[in-house]
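To start, the structure under review is shown below, and the notes come after it.
In structure tokens, the structure reads:
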């Protein structure tokens, strides 16, 4: 599905399609995390390890992993993780394998999973997180949620364009959005674009909703390596990025000072569990950490 076709289809479904039953935000953040894997399972494993160190895992009701027909051999592990941990859900896709389509598929899966749950038990905020993101600060989920509540935000993430520009252009690798805001007919959906949430942010601002600048990368909360999907597409000769020049597939670390060094240190910390032969131990570790998701106790 081409970019313009996807944008038109997604926008038409948002405006004229059936409405999902989404409760109004009640001021009590209940998070679900959606991540899209495109032959980037080795980065996804690291992201999950660092996410598991969050002190506020009870904020996180569900973890939805959308696999966009990965060719890196990681699918059996993801299936095993989803089978082991009830709050981890795996969505396997085979068509329209762009990032925004995967993000929307994750939200649809979340809606179906929670359809029979009472409104006050459903996740009311979705955190979208790329697979090549690591969590650096154990208070990331708490502070992200606090920014959303205290600033009456509908959308929270790190702005790439600072004032006085009228639009923040939140970086798309890590952001949170209220589900009631995302479901509004006057809000654009996630679209096949270099920045899938760009149009969504613009439409929220036009609708009088608040987009909050949260310093996720430059505030030391997370670190986005960058270009992992492009790198994987080239490695497996798949999709529009299969022939991207090597220079454009180099990681950028969001321009964070010492980003490569910080990333290398975190990767080294988890290296024993990330080795291929350590998958059974990694599965045990993640099952233990994510067993507390959604419980009324801290991690």
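Numbering (my numbering), first residue to last: 2 to 300.
Quick reminder that beta carbons are idealized off the backbone N, C-alpha and C, glycines included.
A quick note: this is a predicted structure, and the numbers were derived from the prediction, not measured.
Would you say residue 261 reaches chain C, if we count a Cβ-Cβ gap shorter than 8 Å as a contact?
-> The structure shown has no chain C; it contains just one protein chain.
Report back the beta-carbon spacing between residue 56 and residue 139 to the nearest angstrom; my notes put them in contact at under 8 Å.
-> 5 Å
Taking the alpha-carbon positions, what's the residue 250 to residue 264 distance?
-> 17 Å
Coil, strand or helix - residue 133 by DSSP | coil
Per-residue burial, residue 58 [other beta carbons within 10 Å of its own, 16 or more giving buried] | buried
Residue 280 versus residue 147: straight-line alpha-carbon distance, rounded | 35 Å
Buried or exposed (CB count within 10 angstroms, at least 16 for buried), residue 276 | exposed
Within the region 25-61, ranges of the beta strand (DSSP E) (whole runs, at least 3 residues) | 32-38
Expected contact under 8 Å - CB spacing of residue 177 and residue 143 to nearest Å | That belief does not hold up - the Cβ atoms of residue 177 and residue 143 are roughly 12 Å apart, past 8 Å.
Along the chain, where does the beta strand (DSSP E) that runs through residue 215 open and close?
-> Premise fails: residue 215 is in no beta strand (DSSP E) and is neither H nor E.
Apart from the five residues on each side of it in sequence, which residues of its chain come closer than 7 Å, Cβ to Cβ, to residue 248?
-> At residue 248 the pLDDT is 49, less than 50, meaning the model places this residue with poor confidence; the figure from the coordinates comes in the next sentence. Same-chain partners within the cutoff: there are none.
Taking the alpha carbon of residue 110 as the point to measure from, which residue in 168, 267 and 124 has its own alpha carbon closest?
-> 124
Can residue 274 and residue 136 be called in contact, C-beta distance under 8 Å?
-> no
When the distance is taken between beta carbons, is residue 197 closer than 8 Å to residue 101?
-> yes
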